[in-house]
Amino acid sequence: MKRAIYKGEEVYLMKILPPPDSDSNPIAVIQHRNGDIDHWSVTKLTMVDTIDWEQRRYQLAKEILSGLLSCDNKPHLLYSQHCKEALDYADEMIKQLKGE
């Protein structure tokens, strides 16, 4: 589902219904984080770009691993340990990006 902002709250856009009459805007069916469903005019919503966090994690870990291996100041570590370290860095970066 796409995400949107409604009155400062992040909600999920479930579907858009056609306007009830020619003078109205389309109606958005939204789901709040607590599961409640509402119907509002689409003009009251601000759409949010969806971020694929798993893809972002992969991209970050790949770049971090490249950096770790290029300046291998820990030659005693196995490749699997370098991979784990890269994922730990990526997870921390994502945590910071999400503001958690």
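Following my numbering, the numbering of the sequence shown begins with 1277 at its first residue and continues without gaps.
Every residue gets a Cβ at the ideal spot worked out from N, C-alpha and C, and that includes glycine.
It should be emphasised that the depicted structure is a prediction, and the values quoted were computed from it without experimental measurement.
Q. What is the rounded straight-line gap between the Cα of Ala-1337 and the Cα of Cys-1347?
A. Here residue 1337 corresponds to residue number 61 of the sequence shown, with the count starting at 1. Here residue 1347 corresponds to residue number 71 of the sequence shown, with the count starting at 1. Ala-1337 and Cys-1347: Cα-Cα distance of roughly 15 Å.
Q: Check the C-beta distance from Trp-1379 over to Ile-1370 and give it rounded, since I have them as a contact under 8 Å.
A: This structure gives no information on residue 1379, because the portion of the chain shown stretches from 1277 to 1376.
Q: Under 7 Å Cβ to Cβ from Pro-1302, same chain only, skipping five residues before and after it: list those, please.
A: Here the question's residue 1302 lines up with position 26 in the sequence shown. Excluding five sequence positions before and after Pro-1302, the CB atoms of its chain that fall closer than 7 Å to its own CB belong to Ile-1292, Leu-1293, Pro-1294, Pro-1295, Val-1318, given in chain order.
Q.
If I measure Cβ to Cβ from His-1308 and keep anything under 6 Å in the same chain, skipping five residues before and after, which residues do I get?
A. By 1-based counting over the sequence shown, the position of residue 1308 is 32. Closer than 6 Å at the Cβ level, and outside the excluded window around His-1308, lie Val-1287.
**Q.** Three-state class that DSSP yields for Lys-1278 in the structure shown
**A.** Within the sequence shown, numbered from 1, the residue matching residue 1278 stands at position 2. Of the three classes helix, strand and coil, the one that applies to Lys-1278 here is strand, per DSSP.
Q: Quick one: using the 10 Å Cβ neighbour count with 16 as the cut-off for buried, is Ile-1340 buried or exposed?
A: Position 64 of the sequence shown, counted from the start, is the residue given in the question as residue 1340. It counts as buried.
Q: Would you mind stating whether Leu-1344 and Ala-1366 have Cβ atoms separated by less than 8 Å?
A: The residue labelled residue 1344 in the question sits at position 68 within the sequence shown. The residue labelled residue 1366 in the question sits at position 90 within the sequence shown. Their beta carbons are not under 8 Å apart, which means Leu-1344 does not touch Ala-1366 by this criterion.
Q. Which whole runs of the beta strand (DSSP E) in the segment 1284–1314 are 3 residues long or more, in chain order?
A. Every unbroken stretch of the beta strand (DSSP E) spanning 3 or more residues and falling wholly within the segment 1284–1314 is given here in chain order: 1285–1293, 1303–1307.
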